[in-house]
Structures are given as C-alpha cells and as structure tokens.
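In terms of this note's numbering, the sequence shown opens at residue -15 and continues consecutively. Cβ atoms here follow ideal geometry from the backbone N, Cα and C, with glycine treated the same way. Here is the structure we will look at, set down as structure tokens.
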Amino acid sequence: MKKLLVVLPLFILITLPAFSFGSGTAFEINQRLGRGINIGNTFEAPSENAWSNPWNPEYVQIISGLGFDHIRVPVRWEPRSMETPPYTIDPDFLKRIKGVIDKALEHGLHVIINMHHHDNVLKDPSGQKERFLAQWEQIAGYFSDYPDSLLFEVFNEPHGDFTARMWNEFFAEALSVIRVTNPGRTVLVGTAEWGGLGGLRHLEIPDDPNLILTIHYYNPFRFTHQGASWSSGADAWVGTTWDDTDEERQAVKDDFKFALDYSKKHNIPIHIGEFGAYSAADMDSRVRWTTWVTRYFEQMGFSWAYWEFSAGFGIYDRQSRQLRQGLVDALLHNEIP
C-alpha cells in the first residue's frame, strides 16, 4: 500500500492531459484505477482449474507490492448459473468471487469484475437476454454494498451474432438493471467487434455520468498473437518483431485518434482493459512494445490493465514462482527511450 500511494500521484500529475480532468465520478475513479493487471485464464475458464491457472490469494500481495492499482477479474458466469428461470447463480461461486474481491480491497486495490465467455449469449443473444439480465441483477445485488473501488464491466468482447446494434440494446438494459441496486456504481462499457477500436464507431453510450469506456488493444495483431493456438494462421507469424521504430510508434497513435475524439465528444474516460504480447514473441520485442504502448496510454490519460498475470502473456511464472522482470519493468518502470 505504501508503494501504491507513491505511484498513483505521479501517474495522475505527470501523465494525464488536461482534457482528462473532466467533472464526475467516472473521471476520478479512472484516475484511481491507474495501472492494473488481469487475473486471466482463471475464473473465465469453464472451471477454475480447467486452464491450469487456479487462483492463489498470494497473487494479490505480489500485485499490490509491485505497485499496481487494480485488478480486472474476468468471470465466466454461464456454467455457474441455472439455464432456466430464475437463472440462479451458484452461491458458492459468488462467495468465491467475493473472496477474491475482498482480498484485493484489503490490499488497497480497485477491482473490475466482468461477464466473460458467455457462449450462449454470443450464439443466441435474443434468446439469452432474459438470462443475461437476471445474472446481472444477481451480481449487482450481491455486491451492492461494496465501495466504489469495485467496478462492473457488463460484457467482454461482443462479436459474431452479438452485433453492435444488439450490444447497444443489451448494455442499456443491463445498466438499468444494475442501477436499481447500484445507482452510483461506475460501470465499464466496451465495444462490439471483439472489444477493439473498430467497434467504437457503432457504440451508443447511455446518458449516465458513471461510465468508463474500455477498449482492448492488440495491434499489430500478427506480432502480439504470433504462435497463439487459438488464432488461425498464427504459427506463420512466429518471428515477427516490434522494433520501436518511428513508424511503429506512429501506427499506435493513429489507431487511437478516433478514440481520443470520441472520449472528448462524449466526456467519457478511457480504460484499456486488455493489451499484451504472447510469449511466442521474443522477449526484447515484447518489452519494447509493452513499454511504448503503456507509456503512451498514460500520456493520453488512460487507465490500463495488462493481459495478464500468470499465463501465456503473463508477468509471473507459476512454476518457478518468479517474475518476468523485463515485462514488470516495461509496465511500471521503463521510460520511453
């Protein structure tokens, strides 16, 4: 916690441009979010051990001690709830997530929980809307008494049949459900088309002062996802480097031009909910890319959450119980050369 109090003011005072100091709770909380990391491949797996990355409460102490300000906890609620009305979520699983949140709050971290990998919603959005809203009614009600350091993110990376039009509709209705029990809770809204910058042009934001726009960033994709088994053709990309050239830096800036304009126009702060480069990339390139995009995000006044802590993109090796210091430095210490 001592390190947190040192890092956060520097982040606020040095890196945030003037336009980010808008009025309203969302801007204040986005500043407090600062630097974060995803607890990925754990609670969004079909079961906690399915992807060989179970939760360890010690991780919170490591994350806090490094100087991170928040964690994002992706959660797959779908297999932990009834498929028919009233769509009850397993109370033991709710307690499990509560334990993660409580541990993080004890260590001075903010927490974002989301709805991740809801396959039935992606396949049949209209048919699953009632279940989707019932799940959020339960989640919101369960955590309604928590402080504003807990944030909700309604859905991760809508895509496919879950179109931008449907996502706008779903988000507005879910927000209304959440507001019944959490009238002032800060809620994150992402984009359709896999949560990236491309979906931003189709996003309709409700009139609500307590929203943060969250965006995922994995460009250039052939670099960040080389060798990733879930990305078609990724083996052919192995060996792609990121050399920190002026052209590569400019490409990042160009990618975010519309997002910056959107943020100003709609008076909404930006959180980068996921970004990272997979372990098949060479470490030097990963460090260069991570250093540049992270410092750029901070210069633009974005909060961010790196993907992720202890799996294929991770900063921590579970087997050796050692940090990948190059990535830690890229995220928290390196300056732009």
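Judged by DSSP in its simplified three-state form, Val173 adopts strand.
Nearest Cα to Gly296 within the set Trp288, Met267, Ser287 and Phe281: Met267.
Going by DSSP, Phe259 is part of no alpha helix (DSSP H) but of the beta strand (DSSP E) stretching over Ile254 to Phe259. Judged by pairs of C-beta atoms under 8 angstroms, the region 179 to 194 touches the region 135 to 152, as three or more such pairs exist. Listed in chain order, the beta strand (DSSP E) elements of length 3 or more contained wholly in the region 131 to 157 are 134 to 137. Of Ala124, Gln45 and Trp39, the smallest CA-CA separation from Ile73 is found for Ala124. Here the alpha carbons of Pro69 and Phe240 stand approximately 42 angstroms from one another.
By the beta-carbon neighbour count (other beta carbons within 10 angstroms, threshold 16), Thr170 is buried. For His54, the uninterrupted beta strand (DSSP E) segment begins and ends at His54 to Val57. Distance from the Cα of Gln306 is smallest, within the candidate group Leu244, Phe205, Ser294 and Ala314, for Ser294. Leu172 has its alpha-carbon roughly 7 angstroms from the corresponding atom of Leu135. Approximately 6 angstroms separates the beta-carbon atoms of Leu50 and Val312; this is inside 8 angstroms, confirming the contact.
By the 16-neighbour rule on beta-carbons within 10 angstroms, Arg56 is buried.
Listed in chain order, the non-local C-beta contacts of Trp178 below 6 angstroms within the same chain comprise Glu141 and His143, local neighbours out to five positions each way being set aside. For Leu195, the secondary structure class from DSSP, reduced to helix, strand or coil, is strand. Taking Arg149 as the centre and dropping the five residues before and after it, the same chain places the C-beta of His186 closer than 8 angstroms to its C-beta, in chain order. For Ile81 against Val59, the beta-carbon gap comes to about 6 angstroms, under 8 angstroms, which counts as contact. Per DSSP, the unbroken beta strand (DSSP E) holding Trp288 starts and ends at Ser287 to Tyr290. Ranking Leu117, Asp132, Tyr130 and His255 by CA distance to the CA of Val138 puts Leu117 first. The beta-carbon separation of Asn14 and Pro253, rounded to 4 angstroms, stays under the 8 angstroms limit for a contact. With a beta-carbon spacing of about 7 angstroms, His255 and Phe286 fall inside the 8 angstroms limit used to define contacts.
By the neighbour-count definition (other C-beta atoms within 10 Å, threshold 16), Gly298 is a buried residue. In the three-state DSSP reduction, Leu307 falls in the strand class (E or B). Look at the region 222 to 286 and you find these whole runs of alpha helix (DSSP H), each 4 residues long or longer: 230 to 239, 241 to 250 and 267 to 283.
The three-state secondary structure of Ile97, taken from DSSP, is strand.
Closest option to Trp214, judged by alpha-carbon separation, among Asp227, Glu62, Ile196 and Ala264: Ala264. Spanning the alpha carbons of Arg272 and Leu244 requires a straight line of approximately 23 angstroms. Arg60 sits in coil when the DSSP states are folded into three classes, being neither helix nor strand.
Per DSSP, the beta bridge partners of Asn22 are Arg56.
Note that the C-beta distance between Pro193 and Thr9 is below 8 angstroms. The beta carbon of Thr26 sits closer than 7 angstroms to those of Glu32, Asn37, Pro38 and Trp39, all from its chain and outside the five residues before and after it, given in chain order. Closest option to Asp108, judged by alpha-carbon separation, among Trp151, Gln210, Asp238 and Tyr246: Trp151.
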